[in-house]
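As they're listed, the protein sequences go chains U and L.
If you read the first sequence in our numbering, its first letter stands for residue 2, the second for the next number, and so on.
If you read the second sequence in our numbering, its first letter stands for residue -4, the second for the next number, and so on.
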Amino acid sequence: SQQGEEDPQALSIQEGENATMNCSYKTSINNLQWYRQNSGRGLVHLILIRSNEREKHSGRLRVTLDTSKKSSSLLITASRAADTASYFCATDARGYGGATNKLIFGTGTLLAVQP
Amino acid sequence: EAQVTQNPRYLITVTGKKLTVTCSQNMNHEYMSWYRQDPGLGLRQIYYSMNVEVTDKGDVPEGYKVSRKEKRNFPLILESPSPNQTSLYFCASSSRTVSNQPQHFGDGTRLSIL
């Protein structure tokens, strides 16, 4: 079963609006990462947040982590057409037999930003 | 330029014909991994390697083989491909443990097994 589940599966917004995507996971983690995938391309790392952090910023990106709820959110502010992509959360596998050498990806949120 | 290079990018082949997808990284990364991406299932790990001559199964290793004879290369081998292995494949690498390091991905290999 998937460790990470993104919500919503798809999101369509207008340029300039904010986009929020959520990720829920099942077991304890050390870190959570967010990735972007443009159509037909490989994934690109966006941001990593550690389990002892609650919020992290990178440019127009804001990530929050609530370990008590086993959830994270990715906020993209002032979205642009170029932000159109799929977004994935990935967690390390702590709790799956204690291993930390695997990343488990969610199924992704498809974001469409209309110009 | 730091990159992960996969070849080929696209391949259409037939059931049972052995194929190899190559992956090479120029960042001196210790950790390398193969994933497959299928609609509705996200990315699933096939195999990973913590270092040269060290490989381990991921979540969906059946029907695949890997080797890690050199640090920079991590080929994925399908000895007898079947149609259920039709998928989009990604190679990724990172320094040391994947847990707290960003993964660098190749651009993918789209395989169609007829």
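Note that beta-carbon positions come from the ideal geometry of N, C-alpha and C, so glycine has one too.
query, result
"CB contact check: residue 92 of chain L to chain U, cutoff 8 Å", "yes"
"Test: residue 58 of chain U CB closer than 8 Å to a CB of chain L", "no"
"Classification of residue 108 of chain U by the beta-carbon crowding that lies within 10 angstroms, buried from 16 upward", "buried"
"Residue 45 of chain L to residue 102 of chain L span [Cα, whole Å]", "21 Å"
"Coarse secondary structure for residue 31 of chain U, derived from DSSP in three states", "coil"
"Sub-8 Å separation of residue 38 of chain L and residue 26 of chain L beta-carbons", "no"
"Between the CA atoms of residue 17 of chain U and residue -4 of chain L - distance to the nearest angstrom", "32 Å"
"Minimum C-alpha distance to residue 104 of chain U - residue among U:91, U:48, U:87", "U:91"
"Cβ of residue 17 of chain U within 8 Å of any chain L Cβ", "no"
"Under 8 Å from the C-beta of residue 108 of chain U: neighbouring residues of chain L", "35, 36, 37"
"Interface residues of chain U facing residue 40 of chain L [CB-CB closer than 9 Å]", "103, 104, 105, 106"
"Euclidean distance between Cα positions of residue 47 of chain U and residue 99 of chain L", "11 Å"
"Strand pairing of residue 104 of chain U, partner residues [DSSP]", "U:93"
"Three or more C-beta pairs below 8 Å linking the region 62 to 78 of chain U and the region 15 to 29 of chain U", "yes"
"Check whether residue 104 of chain L and residue 16 of chain L have beta carbons under 8 Å apart", "yes"
"Cα-Cα separation, residue 93 of chain L to residue 10 of chain U", "26 Å"
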